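Student:
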DNA sequence: TCGTTTTTGTAAATCGTTTTACTAACCAAT
DNA sequence: ATTGGTTAGTAAAACGATTTACAAAAACGA
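Chains as they are written, first to last, in the numbering used here: chain X, 341 to 646; chain U, 341 to 646.
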């Protein structure tokens with residue numbers, strides 16, 4: 341277009357105070373440059389870090405994000421999917437509750453660009469960004485075994501999603517590799533509401549564990565008060581290691597050993613994959629799984645010192 | 341409408357797999373049941389807590405939220421406002437960077453429902469949800485004075501926004517009320533990038549402060565490493581108190597004394613006010629400021645023990 | 001200057017709803 | 001059977017952009 345008409349148009353834009361209407365635009369173009377993000381539970385630090393990674397990439401490409409918190413509730417998850425569909429989002433990034441297979445399947449059938457994050461849904465071939473969780477569980481356990489712990493507890497929220505199942509598998513595998521049997525009563529994988537009681541009882545039983553692995557940051561948040569209450573000192577009386585990043589973990593006494601995930605990068609990756617799919621550059625990527633490496637950060641809480 | 345036609349319609353909805361299109365609906369109705377949230381910097385814990393409060397209320401009323409992170413950058417803030425306008429949001433909740441008066445003014449002029457959060461913009465009469473920050477600063481300082489501290493440092497990010505200015509005012513007022521003079525060299529309110537160096541120098545100077553107040557959680561995050569590095573122990577060598585909630589603060593050694601804001605509730609309140617304005621029930625509320633009370637949670641880091 | 005290409009102006013259809021209007025059909029009660 | 005009132009059905013305009021089409025005008029090279 342000619343450059344003086346261009347100028348004329350720009351003048352008109354300011355003189356008429358024209359403001360584009362993305363809703364009308366979206367209606368006609370069938371494209372909203374908006375993606376929907378549904379996280380299983382925003383209370384996990386992982387979720388917020390991942391969201392930032394997603395947002396930063398989207399911001400680069402002038403896409404926008406609507407973040408929804410399913411609150412571990414499949415009903416809510418479904419409601420949000422419907423809402424986001426109604427809003428004509430161009431694609432989804434979902435940390436699935438795992439309890440909505442039909443829903444996910446429909447999304448695939450309707451050819452919505454979709455990326456799973458954190459958790460795999462085995463029955464579907466959807467590109468997924470996840471951690472090598474078996475390895476994460478294995479390394480955490482191995483580290484404790486190396487400190488001569490034999491009675492290692494594994495405390496987790498319900499072992500319903502791949503993430504937790506795999507971490508547990510890693511735990512089991514490490515114990516087996518070292519010839520240590522797994523003891524049922526050192527394992528808890530259940531409702532967060534009972535976690536404190538069960539863990540408390542575990543510590544008060546005879547022959548209590550000398551080390552504990554927390555399945556994620558929310559578990560840690562329940563476990564620490566129990567230790568304080570029972571006046572158990574780390575790491576001498578109980579060694580501790582937790583999955584997920586803990587803010588200020590180096591300022592705890594003792595500093596907390598963690599197995600961290602590159603959450604931010606995982607978010608970036610997921611956004612990348614999704615935008616590629618949306619823009620048709622990556623049909624072939626469907627079904628691919630991107631695995632990230634866990635990072636064991638050894639601090640004081642897991643170091644044997646007797 | 342007759343109940344058999346209603347049934348007929350419902351059947352058609354499923355047989356045709358009808359899915360409503362909120363974009364078309366929004367276009368016609370000039371209403372998207374979506375609000376825009378712009379936070380000055382999502383890295384503050386306050387911002388994420390506040391967002392949750394907002395979201396929960398919005399979810400109740402079937403409104404949706406788009407959260408944007410201005411990253412302390414007025415340019416970005418403006419860009420996001422334009423984007424959200426284009427998306428035809430029904431209203432805004434903004435934690436203002438404070439450096440965009442014209443932008444805010446336009447929003448008011450264009451009669452957008454708007455609520456400010458956390459920070460006041462003095463020159464505009466916009467309903468604002470905020471903390472009694474002067475009181476917060478006063479109480480924090482008074483508490484340290486009560487522990488017989490006289491050399492109290494005040495470390496903050498730039499004193500450009502009302503929140504920080506007021507906390508500082510409270511600090512000054514408490515010192516004055518107790519007849520203690522304020523010493524310029526105990527005060528830092530500047531760029532986060534220089535914070536560590538400046539604070540480090542402050543501690544190494546002769547006659548260093550015996551207590552420090554951190555202006556917010558991000559400041560704390562810079563201050564703690566300095567203490568660790570200089571091997572300064574709390575609270576004997578330096579008492580510490582920080583604004584904002586710190587996760588796990590009771591598990592620090594020493595447990596960190598905090599001045600907390602009811603962030604979640606403040607978010608709820610802001611959302612409430614905004615939805616009332618959107619639905620025309622509260623024209624009169626314009627200009628009102630809702631102030632919340634700070635909560636001083638005394639823990640070990642501020643308790644004198646020599 | 002002619003013919004060709006590019007730029008400009010104008011108009012109409014479309015996206016999927018809501019809104020308004022109007023007519024037709026139905027039901028109950030007088 | 002007539003009246004009034006409700007419910008059904010149909011149609012068309014509107015929301016604010018994009019898209020397509022076509023005609024008119026301008027710019028260009030030979």
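Even glycine gets a Cβ: it sits at the ideal position worked out from N, Cα and C. Because the structure is a prediction, the values reported are computed rather than measured.
Could you name the residues of the same chain whose beta carbon sits closer than 7 Å to that of residue 589 of chain U, not counting the 5 residues immediately before and after it, in chain order?
Tutor: Residue numbering aside, residue 589 of chain U sits at position 249 when the second chain is read from its first letter. Cβ within range, chain order: 595, 596, 598, 639.
Student: Are three or more beta carbon pairs between the region 405-412 of chain U and the region 347-361 of chain U nearer than 8 Å?
Tutor: No: fewer than three Cβ pairs fall under 8 Å.
Student: Under a Cβ-count criterion, where at least 16 other Cβ atoms within 10 Å of its own Cβ denotes burial, should residue 359 of chain X be classed as buried or exposed?
Tutor: Here residue 359 of chain X corresponds to residue number 19 of the first chain, with the count starting at 1. Exposed: under 16 other Cβ atoms inside 10 Å.
Student: Which word fits residue 465 of chain U, buried or exposed, when buried means at least 16 other C-beta atoms lie within 10 angstroms of its C-beta?
Tutor: To locate residue 465 of chain U, count along the second chain from 1; it is residue 125. It counts as exposed.
Student: Which class does residue 469 of chain X belong to by DSSP, given the choice of helix, strand or coil?
Tutor: Residue 469 of chain X sits at position 129 when you count from the first residue of the first chain. Strand.
Student: Report yes if the C-beta distance between residue 553 of chain U and residue 495 of chain U is below 9 Å; otherwise report no.
Tutor: Walking along the second chain from the start, residue 553 of chain U turns up at place 213. Walking along the second chain from the start, residue 495 of chain U turns up at place 155. Closer than 9 Å, so yes.
Student: Should residue 588 of chain X be flagged as near chain U, meaning a C-beta pair shorter than 9 Å?
Tutor: Start at 1 with the first residue of the first chain, and residue 588 of chain X comes out as number 248. It does: the Cβ of residue 588 of chain X has a partner Cβ on chain U nearer than 9 Å.
Student: Using CA coordinates, which residue listed in U:556, U:579, U:617 is at the minimum distance from residue 528 of chain U?
Tutor: As a working mapping, residue 528 of chain U is identified with position 188 in the second chain. Nearest C-alpha to residue 528 of chain U: U:556.
Student: Against chain U, which members of the region 512-525 of chain X pass a CB distance test of less than 9 Å?
Tutor: From the region 512-525 of chain X, no residue has a Cβ closer than 9 Å to chain U.
Student: Between the region 361-371 of chain U and the region 522-536 of chain X, do at least 3 Cβ pairs fall closer than 8 Å?
Tutor: In short, these stretches do not touch, since the Cβ pair count stays below three.
Student: Identify the continuous alpha helix (DSSP H) that holds residue 356 of chain X and give its terminal residues.
Tutor: Within the first chain, the letter at position 16 stands for residue 356 of chain X. No alpha helix (DSSP H) contains residue 356 of chain X, which DSSP labels as neither H nor E.
Student: Between residue 516 of chain X and residue 474 of chain X, which are expected to be in contact by the criterion C-beta below 8 Å, what is the C-beta distance as a whole number of angstroms?
Tutor: Taking the first residue of the first chain as 1, we reach residue 516 of chain X at position 176. Taking the first residue of the first chain as 1, we reach residue 474 of chain X at position 134. So it is not a contact: roughly 13 Å between Cβ atoms.
Student: Using 9 Å as the threshold, is the C-beta distance between residue 593 of chain X and residue 582 of chain U below it?
Tutor: The residue given as residue 593 of chain X occupies position 253 in the first chain. The residue given as residue 582 of chain U occupies position 242 in the second chain. Against a cut-off of 9 Å, the Cβ pair of residue 582 of chain U and residue 593 of chain X comes out as no contact.
Student: Would you give the residue range spanned by the beta strand (DSSP E) that residue 376 of chain X belongs to?
Tutor: One-based indexing of the first chain puts residue 376 of chain X at position 36. Where residue 376 of chain X is concerned, the enclosing beta strand (DSSP E) stretches over 374-379.
Student: Counting only Cβ-Cβ distances shorter than 8 Å, please list the residues of the region 427-453 of chain U near chain X, keeping chain order.
Tutor: Within the region 427-453 of chain U, the qualifying residues are 427, 428.
Student: Give a yes or no on whether 9 Å exceeds the smallest Cβ distance from residue 487 of chain U to chain X.
Tutor: Position 147 of the second chain, counting from 1, holds the residue named residue 487 of chain U. With 9 Å as the cut-off, residue 487 of chain U does not count as an interface residue toward chain X.
Student: Take residue 445 of chain X and list the residues in its own chain whose beta-carbon comes closer than 7 Å to its own, dropping the five residues that flank it on each side.
Tutor: By one-based count along the first chain, residue 445 of chain X stands at place 105. Cβ neighbours of residue 445 of chain X beyond the five flanking positions: 464.
Student: Taking the C-alpha atoms as reference points, what is the distance between residue 373 of chain X and residue 439 of chain X?
Tutor: As a working mapping, residue 373 of chain X is identified with position 33 in the first chain. As a working mapping, residue 439 of chain X is identified with position 99 in the first chain. Looking at the two C-alpha atoms, the distance is approximately 28 Å.
Student: What three-state label does DSSP hand residue 520 of chain U in the structure shown?
Tutor: The count along the second chain starts at 1 and reaches residue 520 of chain U at position 180. Three-state DSSP puts residue 520 of chain U in coil, outside helix and strand.
Student: With 9 Å as the threshold, decide whether the Cβ of residue 503 of chain X is near any Cβ in chain U.
Tutor: Taking the first residue of the first chain as 1, we reach residue 503 of chain X at position 163. So, not an interface residue.
Student: Determine, using beta carbons only, whether residue 422 of chain X comes closer than 9 Å to chain U.
Tutor: As a first step, residue 422 of chain X must be located in the first chain, where it is residue number 82. True, the Cβ-Cβ gap to chain U drops below 9 Å.
Student: Could you check whether residue 497 of chain U and residue 471 of chain U sit closer than 9 Å to each other, using their CB atoms as the reference points?
Tutor: Position 131 of the second chain, counted from the start, is the residue given in the question as residue 471 of chain U. Position 157 of the second chain, counted from the start, is the residue given in the question as residue 497 of chain U. Contact flag unset, no.
Student: For residue 501 of chain U, which residues of its own chain have a beta-carbon under 6 Å away from its beta-carbon, when the five flanking residues on both sides are left out?
Tutor: Counting from 1 along the second chain, the entry for residue 501 of chain U is found at position 161. 438, 459, listed in sequence order.
Student: Just how far apart, CA to CA, sit residue 385 of chain X and residue 604 of chain X?
Tutor: Counting from 1 along the first chain, the entry for residue 385 of chain X is found at position 45. Counting from 1 along the first chain, the entry for residue 604 of chain X is found at position 264. If I take the Cα positions, the gap works out to 11 Å.
Student: When you compare only the Cα positions, how much space is there between residue 566 of chain U and residue 541 of chain U?
Tutor: Mapped onto the second chain, residue 566 of chain U falls at position 226. Mapped onto the second chain, residue 541 of chain U falls at position 201. Approximately 10 Å between the Cα atoms of the pair.
Student: Taking the alpha-carbon positions, what's the residue 564 of chain X to residue 575 of chain X distance?
Tutor: As a first step, residue 564 of chain X must be located in the first chain, where it is residue number 224. As a first step, residue 575 of chain X must be located in the first chain, where it is residue number 235. Residue 564 of chain X and residue 575 of chain X: Cα-Cα distance of roughly 12 Å.
Student: Can you list the beta strand (DSSP E) stretches of 3 or more residues lying completely in the region 399-453 of chain U, in chain order?
Tutor: Correct list: 404-409, 431-434.
Student: Less than 9 Å between CB atoms is the rule here; does residue 362 of chain U satisfy it with respect to chain X?
Tutor: Sequence index remark: in the second chain, residue 362 of chain U carries index 22 (1-based). So, interface residue.
Student: By alpha-carbon positions, which one of U:526, U:610, U:396, U:379 ends up nearest to residue 545 of chain U?
Tutor: Within the second chain, the letter at position 205 stands for residue 545 of chain U. Ranking the options by Cα distance to residue 545 of chain U, first place goes to U:526.
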